[in-house]
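Numbering (mature numbering (1 follows the signal peptide of the UniProt record, and there is no 0)), first residue to last: -18 to -1, 1 to 307.
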């Protein structure tokens, strides 16, 4: 769900069309002169790691050269090829987003282990939650790769993995909110959603990568999922039977993601040419994600008729016994 909002707004604000910076005559002249006269005999390890051609290395040099000149003259920083000018670090194009993407992946991996330990083995949705965590790890791996090396295929893998994560989160929300436990229904629903995802990816990959279409699909799925969880949480406080005081956790998660997404809407130039709004978005999701996982853990205990406390029954976390409170 979180990565989906990155796709939604990021595609809008950071498109692949020409930006003010790379469309400027001064930039084009600088790149041509650099490529013709100043290309190094051999690329450094950092440049090779980033898969830079001579021309792209010149683009990096000219981008920062013109940015320095603009700032010295009191002019605003502009984007190049749909992105802000970032300083590389060890060949990484957007080091802050890389680090924060790794952090998000570690959060999902950490909670994969916690879910394995703390959720009852008999809980029906445990396998779905473990899959959710692993899908989250995969999503952030590709986010890391994309921000490290912005190529067509890394961009596609980032978008597709984020889309799959969003769709699976929607799938799980349907199962949990409506208490779907019939095997045939689960399989049919999963097959339908998977088929739609394959069709979606196939169209974008082999027909036309339509960013507007991708945005529309992501918005529909994301909004539907959010409404499901918000509606479910509100109902828990309306009916009050059984008591699910932990429902606020899923509200905190959904509203937290929506609030943090404003960082993408109100974009700003990178601080020190390292930390931009998008990287701060990635940092915020590290803090928001635990709300979802703490919610599903407490919800699992409630569904099993158990009292959630890791100290009440330590053997339970090893899967040795499950006793009602």
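We put the beta carbon where it would ideally sit given N, CA and C, even for glycine. Nothing here was measured: the structure is a model prediction, and the numbers come from that model.
Assuming residue i is part of the alpha helix (DSSP H), what are its boundary residues?
| i | result |
| --- | --- |
| residue 95 | 77 to 100 |
| residue 248 | Premise fails: residue 248 is in no alpha helix (DSSP H) and is neither H nor E. |
| residue 236 | 230 to 242 |
| residue 158 | 134 to 159 |
| residue 4 | Per DSSP, residue 4 belongs to no alpha helix (DSSP H) and is neither H nor E. |
| residue 190 | No alpha helix (DSSP H) contains residue 190, which DSSP labels as neither H nor E. |
So what does DSSP say about residue i, is it helix, strand or coil?
| i | result |
| --- | --- |
| residue 63 | coil |
| residue 257 | strand |
| residue 55 | coil |
| residue 114 | helix |
| residue 38 | helix |
| residue 273 | helix |
| residue 286 | coil |
| residue 33 | At residue 33, the pLDDT of 39 sits below 50, so the modelled position is not reliable; the number obtained from the coordinates is stated separately. Correct three-state label for residue 33: coil. |
| residue 206 | helix |
Report the partner residues of residue i according to the DSSP bridge assignment.
| i | result |
| --- | --- |
| residue 320 | Only positions -18 to 307 of the chain appear in this structure, which leaves residue 320 out of reach. |
Can you give me the C-alpha to C-alpha distance between residue i and residue j, rounded to a whole angstrom?
| i | j | result |
| --- | --- | --- |
| residue 258 | residue 79 | 9 Å |
| residue -8 | residue 8 | Residue confidence for residue -8 is low, a pLDDT of 45 falling below 50, so the modelled location carries little weight; the figure read from the coordinates is stated next. So the two alpha carbons sit approximately 27 Å from each other. |
| residue 288 | residue 205 | 32 Å |
| residue 6 | residue 252 | 20 Å |
| residue 45 | residue 69 | 10 Å |
| residue 83 | residue 220 | 38 Å |
| residue 183 | residue 194 | 14 Å |
| residue 187 | residue 56 | 43 Å |
When burial is assigned at 16 or more other CB atoms within 10 Å of the CB, is residue i buried or exposed?
| i | result |
| --- | --- |
| residue 107 | buried |
| residue 152 | buried |
| residue 77 | buried |
| residue 124 | buried |
| residue 14 | exposed |
| residue 164 | exposed |
| residue 250 | exposed |
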